[in-house]
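A.B. asks: If you're matching them up, the sequences are chains A and B in order. Numbering-wise (the working numbering), the first sequence opens with residue 1 and increments by one. Numbering-wise (the working numbering), the second sequence opens with residue 1 and increments by one. Think of the CB as a built atom: it goes at the ideal place given N, C-alpha and C, for glycine as much as any other residue. Please read these numbers as outputs of a predicted model, since none were measured by experiment. Here it is: the structure, laid out below.
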Amino acid sequence: MDFASNLALGFDQALGNANLLYCFIGVLLGTAIGVLPGLGAVPTVAMLLPITFGLPPVSALIMLAGIYYGAQYGGSTTAILINLPGETSSVVTAIDGHQLAKQGKAGLALFTAAVGSFFAGTVATLLIAAFAPPLAGVALEFGPAEYFSLMILGLAASIALAHGSVLKSVSMVVLGLLLGTMGQDLYSGAQRFDFGLVALADGIDFVAIAMGIFGLGEIVRNLEDTAPRQVIASRARDLIPTWAEFRKIIPPIGRGTAIGAILGILPGGGAVLGSFGAYAVEKRISKSPERFGKGAIEGVAAPEAANNAAAQTSFVPMLTLGIPANPVMALMIGALIIQGIVPGPNVVTERPELFWGVIASMWIGNLMLLVLNLPLIGIWIRLLSVPYRVLYPAIIAICCIGVFSVSNNSIDIYWLAGFGLIGYLLLKLDCEPAPLLLGFVIGKLMEDYFRRAMLISRGDPMIFLERPLSAALLVLAVTALVIVLLPSISAKREEAFKEEAK
Amino acid sequence: MHAIGNPKDFFLGVLLVIVAAVFALGLTKLRIGTAAQMGPGYFPMLLICLLGILGAALVVKGLRKSGTSAGTIDISSIRGLALIVLPVAFVGATLKPLGMVPSLGIAVLLTTFAAPDWTVRNSIAITIAVVAFCWLVFSFGLGLPVSAFGPLMGGR
């Protein structure tokens, strides 16, 4: 099969079987919820996961992908208009975007974000279509040892990119892995860590963990933050920029796309790295770097393009290797596993309709975003002014019923409450919860590969170092951690995260 | 001055050691096996050891006096936390016996008290709107098998 026929298959899938409708609903819901202040892509996807469970796998994944870009775009709108980024990847957008909005150029900033995202999405889709299958081909050569090492690399990357203390992030990963081992053992069928309780027999539902930590935990923290918000209204007629302005945003969009697309493939939080990287590059090559932070349009164009490109290319390691590049991808893997599909290199060959359908729908989804958001911006602005006192009870109710609907089991609601508490505690202790979720999602798979590799080597752990590919992956993982721990870099990293916190 | 240099590290470390200890207790029921023929307990055993070590390291790090005493733990919002988490647990306990409307209604009403700008009127209006929305979307729209009023309320 060649490139064109693959893409044709993909578009056939994405346009047929009501998938176009699911993509549309996903993008619409994603934007509507993502635009709400304080809700980033992760809680949005977590909250909407259950509604996709009744769908066939292709439709479910297409809808989730749509929700993801929608939420991403909605987050940028919030960042620009009220300087309240819902997630780290739109923090950079808020810096110059909000300044532009204050100067009455909110329309220009929103338009730039939309066009930048669309262009980046188009390029990234083509890149995925071209590079994912060969990558999956390489992955087919992988044995259990390589898979295990690859997962170590993914976890190491997530640790390197998490905020704050490396020691804490490592602990979160290990805690996640340990929680992931609860429930039935794959080989012997033994009940693990049920502590004699029926409630623990199946382990913990991952939707409950995701919603509890990212949904409820965030609410409590947002309620503490009583800083007043100011919505900067923008009229729709300001949206279309002048030609001179338009010409100015093209090169940064191109550069942002390239940076984001490359960084997005790396396991461990590409979108954040992409937007920070793109912003830094623009500032460095600009003839007038002093404008940055005071409303430079390049400072919106490049990071927006980069975070969208990275959001898309992060599907590559997820679909071809089964390794989540960020918490949203971890949620997607969870959704796929619930649908009975184990993500990995076999997906490309055995379920081409799934793989190519999702890729084609990415481009369609981006087109929808552009078409939807420019005219609907007035509605999004109205949503922005919904007070938080109305929002959070609704979020809590949706989380409760949503988590229940996964398997019609009330016990999952208790877990939701429990992980809400844990999520809040972790926030208070300055712990990034993303590595925990990542560890939890891949825990069982990792154990499976570990046991298989050790079975092959008859109990000799050297197998992970003797196989060249596996050794190379482990070296990369160690390098990633060592780099973060180096004093000079860790000082810079602190600085970067501090800048982000502003 | 506190005796503990960094309370955040210290408490996280203590928590992790406790978690490791609880899981170690659960581990006693599982067959460990050998490195070549791992039982259900082998991989968890490694993780528990690792978690214990990491927890201990955090405790030690927290006890050491660091130059920047960054991090007193602020638990000012214990009330907000309780008003979010307890209602959720309440739904867990009552969703099936009471049904969606009373269970969710009481829970949502409770959560509205956490808002800094609470008023009776808002609180009731929000509760009605949210419950109606959830019933429409989940019961009516998605066909979730939860009755509006459960067995204890005279429904099914």
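Within the 8 Å Cβ cut-off, does L152/B reach chain A?
C.D. replies: no
A.B. asks: State the CB to CB distance for the pair G277/A and D96/A, rounded to an integer number of angstroms; the pair is presumed to be in contact (CB under 8 Å).
C.D. replies: With 8 Å as the limit, G277/A and D96/A do not qualify as a contact, their Cβ atoms being about 16 Å apart.
A.B. asks: Just the C-alpha distance for A305/A and M47/A, rounded to the nearest angstrom, thanks.
C.D. replies: 26 Å
A.B. asks: Roughly how far, in whole angstroms, is the beta-carbon of V91/B from the beta-carbon of C400/A, given that I think they are within contact range, below 8 Å?
C.D. replies: 5 Å
A.B. asks: In chain A, which residues lie with their C-beta within 7 Å of the C-beta of A132/B?
C.D. replies: Simply none; closest approach about 11 Å.
A.B. asks: Can you pull the DSSP bridge partners for Q339/A?
C.D. replies: Answer is none; Q339/A lacks a bridge partner.
A.B. asks: Which residues does DSSP pair with M100/B in a beta bridge?
C.D. replies: Looking at the DSSP output, M100/B bridges to nothing.
A.B. asks: Go ahead and label V173/A buried or exposed: buried means 16 or more other beta carbons lie within 10 angstroms of its beta carbon, across all protein chains shown.
C.D. replies: buried
A.B. asks: Let me know the secondary structure DSSP gives Q37/B once reduced to three states.
C.D. replies: coil
A.B. asks: What residues of chain A sit near M45/B, judged by a beta carbon separation below 8 Å?
C.D. replies: Neighbours of M45/B in chain A, taken as residues at a C-beta separation under 8 Å, are lacking, since the least C-beta distance is about 10 Å.
A.B. asks: Are any of the Cβ atoms in chain A nearer than 8 Å to that of S69/B?
C.D. replies: Here S69/B scores only 48 on pLDDT, less than 50, and its place in the model should not be relied on; the value that follows carries that caveat. S69/B does not count as touching chain A.
A.B. asks: Answer yes or no: the CB of A157/A versus the heavy atoms of the ligand FAD, is any distance below 7 Å?
C.D. replies: Of the ligands one can find in the structure shown there are none, so the ligand FAD has no counterpart to examine.
A.B. asks: Between V60/B and chain A, is there a C-beta pair that is closer than 8 Å?
C.D. replies: By this cut-off, V60/B is not an interface position.
A.B. asks: Since V146/B is in the alpha helix (DSSP H), which residue starts that stretch and which ends it?
C.D. replies: Annotation for V146/B: no alpha helix (DSSP H) segment contains it, and DSSP assigns it neither H nor E.
A.B. asks: The segment 273-300 of chain A: which residues have C-beta closer than 7 Å to a C-beta of chain B, in chain order?
C.D. replies: none
A.B. asks: Have a look at S69/B and M151/A and give me their C-alpha separation to the nearest angstrom.
C.D. replies: In this prediction, S69/B scores a pLDDT of 48, lower than 50, which makes its location untrustworthy; the coordinate-derived value is nonetheless stated afterwards. Computed Cα separation, rounded: 35 Å.
A.B. asks: I'd like to check one pair, A129/A with F11/A: are the Cβ atoms closer than 8 Å?
C.D. replies: no
A.B. asks: Under a CB-based cut-off of 8 Å, is I401/A close to chain B?
C.D. replies: I401/A counts as touching chain B.
A.B. asks: At the level of alpha carbons, what is the spacing between I82/A and L108/A?
C.D. replies: Cα to Cα, the separation comes out at about 15 Å.
A.B. asks: Would you call the segment 277-287 of chain A and the segment 333-340 of chain A in contact, with 3 or more CB pairs under 8 Å?
C.D. replies: Judged by Cβ distances under 8 Å, the segment 277-287 of chain A makes no contact with the segment 333-340 of chain A, as fewer than three pairs qualify.
A.B. asks: Within 10 angstroms of its Cβ, does I119/B collect 16 or more other Cβ (buried), or is it exposed?
C.D. replies: Looking at the sequence provided, one finds Thr at residue 119/B rather than Ile. So T119/B counts as exposed.
A.B. asks: Under a CB-based cut-off of 8 Å, is R192/A close to chain B?
C.D. replies: Yes, its Cβ sits closer than 8 Å to a Cβ of chain B.
A.B. asks: I'd like to know whether the C-beta of G80/B is nearer than 8 Å to at least one C-beta of chain A.
C.D. replies: At least one beta carbon of chain A lies nearer than 8 Å to the beta carbon of G80/B.
A.B. asks: By the three-class DSSP mapping on this structure, what secondary structure does G26/B have?
C.D. replies: helix
A.B. asks: Kindly indicate the opening and closing residues of the alpha helix (DSSP H) around K294/A.
C.D. replies: Premise fails: K294/A is in no alpha helix (DSSP H) and is neither H nor E.
A.B. asks: So, for P252/A: in the same chain, excluding its five sequence neighbours on each side, which residues have a beta-carbon less than 7 Å away from its beta-carbon?
C.D. replies: E282, E298, A301, A302
A.B. asks: Quick one: which chain B residues come within Cβ less than 7 Å of C23/A?
C.D. replies: Per Cβ cutoff of 7 Å: no residues; C23/A is ~19 Å from chain B at best.
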